[in-house]
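**Student:** In order, the protein sequences belong to chains A and B. As numbered in the numbering used here, residues 22 to 657 make up the first sequence, in order. As numbered in the numbering used here, residues 149 to 352 make up the second sequence, in order.
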Amino acid sequence: MSLITQDAPGRTVLLMGNEAIARGALEAGAKVFAAYPGNPSSEIAGSLSSAADVLNFHVEWSVNEKVAMEVVAAASFSGLRALCSMKQNGLNVAADFLLNLNLTGCRGGLVVVVADDPGGISSTNEEDSRIFAKLSDLPLLEPATFQEAKDMTRWAFTLSEDLELPVMLRSVTRLSHARGNVQLDALPRSEPKAHFETSRPRLAFPPVPCHKVLHQKLDRARAMVESSPYNFYKGPEKPEVLIITSGSGWMYSLETVSTLKLQDRVGLLKLSITWPLPRNLLLKHLKQADAILFVEEVDPFLENNVKELFAQHCMDIGLKRFYGKATGTVPSFGEITPEIVTSALGSLLKVSHEPRPAEYAEKAREAMTGLVPARALGFCAGCPHRATYWAIKRALALDGRDGFLRGDIGCYGLGMGPSGFFQMKTIHAMGSGAGLAAGFGQLERFGLTQPVLAVCGDSTFYHAAMPALVSARYNSSNFLLLLLDNSATAMTGFQPHPGTGRTATGKEAPRVDLKAIGEALGARVEVADPFDLNGTTEAILRLLQQREGVKALILRRECALLRSKKQKKLYTMDVDQGRCLGETCGCNRLCTRVFKCPGLRWDSATGKAGIDEAICTGCGVCAEICPATAIKKEVA
Amino acid sequence: MVLAKDPFNVIIGGVGGQGNVVASQILGQTLVDKGYVITIGETYGASQRGGAVMSHLRVSAENPCSPLISEGQCDLLVSLEPVEGLRVLGSYGNPGVITLTNTRPIFPMGVISGEVPYPEISEIIDKIRQLSSAVWVIHATEIALEMGDPIYSNMVMLGALSTIGALPIDRKGFQLSISELLPSQRLIDNLKAFDRGAEAVERL
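(1) In chain order, what are the residue ranges of uninterrupted beta strand (DSSP E) at least 3 long that sit wholly in the stretch 452-487 of chain A?
(2) Take M37(A) as the anchor and find which of A649(A), T194(A) and K414(A) has the nearest alpha-carbon.
(3) Does the Cβ of E329(A) have 16 or more other Cβ atoms within 10 Å, making it buried, or fewer, making it exposed?
(4) Report all residues from its chain with a CB closer than 8 Å to the CB of I188(B); omit the five preceding and five following residues, and keep chain order.
(5) Under the DSSP definition of a beta bridge, which residues are partnered with G641(A)?
(6) Identify whether I186(B) lies in helix, strand or coil by the three-state DSSP scheme.
(7) Rounding to the nearest angstrom, what Cα-Cα distance links K320(B) and V158(B) in this structure?
(8) Can you tell which of N110(A), F322(A), E64(A) and G539(A) has its C-alpha closest to the C-alpha of D429(A)?
(9) Ignoring anything shorter than 4 residues or poking outside the stretch 212-275 of chain A, list the alpha helix (DSSP H) runs there in chain order.
(10) With G556(A) as the anchor, note down where its alpha helix (DSSP H) starts and where it stops.
(11) Mind pulling the alpha helix (DSSP H) runs of 4 or more residues that sit fully within the stretch 23-60 of chain A?
(12) Ends of the alpha helix (DSSP H) at K171(A)?
(13) From the beta carbon of N499(A), is the nearest beta carbon of chain B less than 8 Å away?
(14) Give me the chain B residues within the contact set of A199(A), using Cβ-Cβ distance strictly less than 8 Å, ordered along the chain.
(15) Determine which residues of the stretch 392-407 of chain A have a Cβ less than 8 Å from any Cβ of chain E, and write them out in chain order.
(16) Does the Cβ of I336(B) have 16 or more other Cβ atoms within 10 Å, making it buried, or fewer, making it exposed?
(17) Let me know if A341(B) comes out buried or exposed under the rule of 16 or more other beta-carbons within 10 Å of its beta-carbon.
(18) Count Cβ pairs between the stretch 528-536 of chain A and the stretch 385-401 of chain A that sit closer than 8 Å; are there 3 or more?
(19) To the nearest angstrom, how far is the alpha carbon of E247(A) from that of I160(B)?
(20) Would you say M22(A) faces chain B, with C-beta separation under 8 Å as the test?
(21) For my contact list, I338(A) and L307(A) are in at a C-beta cut-off of 8 Å; report their separation, rounded to the angstrom.
(22) Considering S203(B), what are the terminal residues of the beta strand (DSSP E) in which it resides?
(23) In chain order, what are the residue ranges of uninterrupted beta strand (DSSP E) at least 3 long that sit wholly in the stretch 213-296 of chain B?
(24) Short of 7 Å in beta carbon distance, which residues of its chain neighbour I272(B), apart from the five on each side in sequence? Order them along the chain.
(25) For a quick check, are the C-beta atoms of I142(A) and G270(A) less than 8 Å apart?
(26) Which residues in chain A sit within 8 Å of Y266(B), going by Cβ to Cβ distance?
(27) Along the chain, where does the alpha helix (DSSP H) containing K587(A) start, and where does it finish?
(28) Report back the beta-carbon spacing between L426(A) and K446(A) to the nearest angstrom; my notes put them in contact at under 8 Å.
(29) Would you mind telling me which residues of chain A sit closer than 7 Å to T364(B), beta carbon to beta carbon, in chain order?
(30) Suppose you measure from the CA of G631(A) to the CA of Q598(A); what does that come to, to the nearest Å?
(31) Can you confirm whether N507(A), when its beta carbon is compared against all beta carbons of chain B, has any partner nearer than 8 Å?
(32) I believe N123(A) touches L159(A) by the beta-carbon criterion, under 8 Å. Please report the beta-carbon distance rounded to the nearest angstrom.
(33) With a threshold of 8 Å between beta-carbons, can L35(A) be considered close to chain B, or not?
(34) Would you list the residues sitting across from D506(A) in a DSSP beta bridge?
(35) Using 8 Å for Cβ pairs, my map puts L330(B) next to V283(B). What's the rounded Cβ distance?
(36) Kindly list the residues whose CB is nearer than 7 Å to the CB of M149(B), restricted to its own chain and excluding five residues on each side of it in sequence; keep chain order.
Given below as structure tokens:
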């Protein structure tokens with residue numbers, strides 16, 4: 022259950038940053054929400070799904086971020102407040118529309134939330150999406166606290182309506198996927214009526230006059246941000262070092278200044294509206310300090326923009342020394358940590374800091390390195406992907422033409438590592454495995470003899486792989502696409518998608534059938550169960566050896582985590598200790614050394630395999646791989 | 149009860165899928181209801197996929213804090229898995245830290261595949277003792293398994309936490325958060341797990 026829909030003004034609750042953003046939109050009276058799941062943004066729309074009927078709003082998982090943005094733009098054009106949310110990669114998908122939407126402007130408040138992932142904690146990149154605000158001439162808000170996440174989201178709708186422009190709100194993992202106190206305000210009970218004013222068409226044409234109007238709006242925004250209470254300064258009048266920071270950098274900087282007891286020497290200029298820049302506020306504080314340190318994630322967005330402002334005004338404000346990513350004072354990649362800020366400030370002001378006694382630190386590190394084994398990421402116990410990769414590995418080995426797998430992001434991306442037997446050899450954007458396969462499938466005439474095999478998840482197929490299939494069919498490419506249908510967008514929290522027959526709010530929906538789409542696109546489509554290792558291996562091998570055309574094999578088996586929520590174990594597993602030959606078997610511990618399901622354990626005392634009953638989900642697959650048939654499955 | 153320190157830094161460490169995030173959320177909401185300002189940073193990008201997971205929970209009487217605890221600044225460690233406790237102490241421990249740990253291991257892939265050993269539990273606990281000012285242990289997974297589902301381990305741990313006196317929390321507060329945040333059909337079992345944890349925790 023979520024706390025975000027409580028109509029309890031004044032109550033303080035613990036909210037995740039993403040929930041705070043969602044709550045802010047509800048307090049603003051937003052009526053339409055659309056998103057495609059992607060961490061760290063998923064819970065913004067996800068947390069709203071249970072309240073849509075009670076509070077009368079629409080929330081949907083759109084097929085991708087561009088469609089999500091178009092869906093909310095339609096609401097805005099019709100006078101409703103609306104919000105779309107996505108992760109940083111998602112903004113790339115939606116950018117084509119965004120860079121037209123900025124030209125047509127909007128009517129009802131329209132907020133585009135982008136949650137970036139510094140450090141790439143749950144992403145393939147750590148792209149800084151703020152550059153898109155500058156690129157599209159749109160206001161950019163960067164809340165730094167949980168309370169600000171809620172309050173600034175609510176305010177973003179007002180700003181959007183004042184400017185008739187979409188407003189971009191940028192979060193990061195340490196806000197979106199963190200929790201803190203948030204005091205709730207009232208939920209409005211307005212019921213606005215949607216209507217599109219035909220006298221006010223939304224045409225991104227002709228471009229130049231539209232661009233001119235956009236710049237006029239941005240000039241108005243510039244005046245508004247100067248006086249915003251979300252940008253403020255804390256510190257002495259003339260600090261030795263002025264830290265300019267935004268977002269997550271604010272709390273780290275604040276805490277470091279306090280830990281190092283530098284309150285009298287360091288000033289903090291916290292910007293929560295970072296585009297357009299509050300020029301006058303910045304110039305005022307730049308004048309007061311000679312050394313400036315930038316603390317921000319990930320790219321030097323503020324750093325470069327402030328330097329640009331400085332270049333324009335340096336005759337008035339005097340020479341400065343700038344420290345940040347350009348000087349290497351702060352790393353130009355990875356997420357910011359409190360230690361990074363401590364080290365940066367310590368080196369600038371020659372302050373040393375010992376976080377714990379050196380002797381203890383050495384002992385603790387020694388214990389960690391000596392005793393604590395690394396914990397590699399891997400598929401969950403009972404995950405159908407492990408079985409799928411087992412079959413892929415076998416089929417490619419039997420095929421014998423040095424075939425390899427192209428893939429993309431999702432749980433199944435772990436196919437690049439040990440629990441997917443290192444099968445996946447390319448990972449890029451959503452759907453890129455299929456697109457690359459369409460390209461590899463054209464290379465036979467240039468001597469490529471390796472068979473072309475790609476993998477993509479069910480949700481990913483709808484999001485980004487369908488065009489690759491259309492293009493491949495049209496251009497007579499030749500490859501096999503494995504569609505891993507686990508009935509959910511598993512990586513991001515099991516959100517439903519067009520193939521699941523459920524909407525974001527759990528209502529029944531028409532099932533957009535994978536097989537029917539594949540067939541309609543002219544592919545030869547088959548379906549197999551990954552838990553049937555032999556059947557799946559055989560199907561992959563057979564389809565790989567068909568030379569012509571686009572083939573798709575749907576590997577259908579529900580995500581193990583979803584399955585365990587709904588039903589008990591399929592099988593009770595046991596290792597027959599009499600049959601397990603252990604080290605003498607000749608299999609070289611195939612079950613634990615190679616298959617490596619976390620539900621299996623190797624007992625070094627007895628030299629035999631066993632089952633960990635706390636972890637095993639009873640999928641039964643390991644029984645198929647044991648050459649001594651020692652692993653037994655019994656219907657549970 | 150006055151906080152021993154402000155902010156008082158709690159780390160809940162474990163392995164993806166152990167209910168680390170839920171435990172931190174329930175503990176956090178319980179403390180918010182008591183009037184504290186809580187900040188929780190969570191590392192759970194790959195949480196369900198066998199990775200090491202930590203929640204950094206910071207308790208203050210007045211101020212929000214940064215979502216990440218700095219090196220060496222953990223005051224209370226709640227470890228859902230033994231080596232994960234040691235992993236946390238390696239970076240965040242200090243001579244004053246109080247540790248509560250579960251005793252049941254979850255083997256990393258490298259251990260399952262035989263590439264690296266998993267240390268003896270007694271050796272881990274011994275190291276944890278050397279690195280903590282006080283240590284409490286509980287066989288949380290075994291209790292949860294007796295109840296029929298390992299999923300209850302995190303509630304057992306919270307029950308244990310409620311009695312060791314490191315935080316201003318009690319059963320009543322937990323009951324409120326659990327009933328507000330978790331599915332109602334599991335309320336009775338969650339509370340049972342909580343109570344069993346409170347009874348079974350042992351100080352070393």
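Note that the Cβ used here is the ideal one computed from N, Cα and C, for glycine as well. Nothing here was measured: the structure is a model prediction, and the numbers come from that model.
**Tutor:** The structure says:
(1) 473-478
(2) Numbered from 1 along the first sequence, position 16 holds the residue referred to as residue 37(A). Ranking A649(A), T194(A) and K414(A) by Cα distance to M37(A) puts T194(A) first.
(3) If you number the first sequence from 1, residue 329(A) lands on position 308. Exposed is the label assigned to E329(A), since fewer than 16 other Cβ atoms lie within 10 Å of its Cβ.
(4) For the purposes of this step, residue 188(B) is taken as the residue at position 40 of the second sequence. Correct list, in chain order: S172, Q173, G176, S203, H204, L205, R206 and P215.
(5) For this step, residue 641(A) is matched to residue 620 along the first sequence. Beta-bridge pairing links G641(A) to no other residue.
(6) As a first step, residue 186(B) must be located in the second sequence, where it is residue number 38. In the three-state scheme derived from DSSP, where H, G and I count as helix and E and B as strand, I186(B) is classed as strand.
(7) Within the second sequence, the letter at position 172 stands for residue 320(B). Within the second sequence, the letter at position 10 stands for residue 158(B). Looking at the two C-alpha atoms, the distance is approximately 21 Å.
(8) Sequence index remark: in the first sequence, residue 429(A) carries index 408 (1-based). Closest by alpha carbon: N110(A).
(9) 228-247
(10) If you number the first sequence from 1, residue 556(A) lands on position 535. It spans L554 to L565 - the alpha helix (DSSP H) in which G556(A) sits, taken as one unbroken run.
(11) 38-48
(12) One-based indexing of the first sequence puts residue 171(A) at position 150. First-last of the alpha helix (DSSP H) with K171(A): F167 to L184.
(13) For the purposes of this step, residue 499(A) is identified with residue 478 of the first sequence, where counting begins at 1. Judged by the 8 Å Cβ criterion, N499(A) is not in contact with chain B.
(14) Locating residue 199(A) in the first sequence gives position 178, counting from the first residue. Simply T187, I188, G189, E190 and P215.
(15) Checking the listed chains, one finds no chain E in this structure; the protein chains it contains are A and B.
(16) As a first step, residue 336(B) must be located in the second sequence, where it is residue number 188. By the Cβ neighbour-count rule, I336(B) is exposed, with fewer than 16 other Cβ atoms within 10 Å of its own.
(17) The residue given as residue 341(B) occupies position 193 in the second sequence. Buried, since its Cβ has 16 or more Cβ neighbours within 10 Å.
(18) no
(19) Translated into positions along the first sequence, residue 247(A) becomes position 226. Translated into positions along the second sequence, residue 160(B) becomes position 12. Their backbone Cα atoms lie some 42 Å apart in a straight line.
(20) Taking the first residue of the first sequence as 1, we reach residue 22(A) at position 1. Caution is warranted here: a pLDDT of 45 is assigned to M22(A), below 50, making its placement in the model unreliable, and no coordinate value can be reported.
(21) Position 317 of the first sequence, counted from the start, is the residue given in the question as residue 338(A). Position 286 of the first sequence, counted from the start, is the residue given in the question as residue 307(A). Indeed, because the Cβ distance is near 5 Å, the residues count as touching under 8 Å.
(22) For the purposes of this step, residue 203(B) is identified with residue 55 of the second sequence, where counting begins at 1. A200 to S208 is the extent of the beta strand (DSSP E) around S203(B).
(23) The stretch 213-296 of chain B contains these whole beta strand (DSSP E) runs: 224-227, 246-250 and 282-286.
(24) As a first step, residue 272(B) must be located in the second sequence, where it is residue number 124. Once the five neighbours on either side are set aside, the close Cβ partners of I272(B) are P230, V231 and L234.
(25) Along the first sequence, read from residue 1 onward, the residue named residue 142(A) stands at position 121. Along the first sequence, read from residue 1 onward, the residue named residue 270(A) stands at position 249. Taking 8 Å as the Cβ cut-off, I142(A) and G270(A) do not qualify as a contacting pair.
(26) Sequence index remark: in the second sequence, residue 266(B) carries index 118 (1-based). Chain A residues near Y266(B): P394.
(27) Counting from one through the first sequence, the residue named residue 587(A) turns up at place 566. Segment A581 to K587, the alpha helix (DSSP H) holding K587(A).
(28) Against the first sequence, residue 426(A) aligns to sequence position 405. Against the first sequence, residue 446(A) aligns to sequence position 425. About 6 Å separates the two Cβ atoms, so the contact holds.
(29) Because chain B here runs from 149 to 352, residue 364(B) falls outside it and cannot be looked at.
(30) As a first step, residue 631(A) must be located in the first sequence, where it is residue number 610. As a first step, residue 598(A) must be located in the first sequence, where it is residue number 577. The straight-line gap from Cα to Cα measures roughly 8 Å.
(31) Taking the first residue of the first sequence as 1, we reach residue 507(A) at position 486. No, no contact with chain B.
(32) For the purposes of this step, residue 123(A) is identified with residue 102 of the first sequence, where counting begins at 1. For the purposes of this step, residue 159(A) is identified with residue 138 of the first sequence, where counting begins at 1. Indeed, because the Cβ distance is near 6 Å, the residues count as touching under 8 Å.
(33) What you label residue 35(A) is simply residue 14 of the first sequence in a count that begins at 1. So, interface residue.
(34) Indexing the first sequence from 1 puts residue 506(A) at position 485. Answer is R577(A).
(35) Translated into positions along the second sequence, residue 330(B) becomes position 182. Translated into positions along the second sequence, residue 283(B) becomes position 135. Between V283(B) and L330(B) the Cβ distance is about 29 Å, and since that is not below 8 Å, they are no contact.
(36) In the second sequence, counting from the first residue as 1, residue 149(B) sits at position 1. Counting only Cβ-Cβ distances below 7 Å, and skipping sequence neighbours, we find P316.
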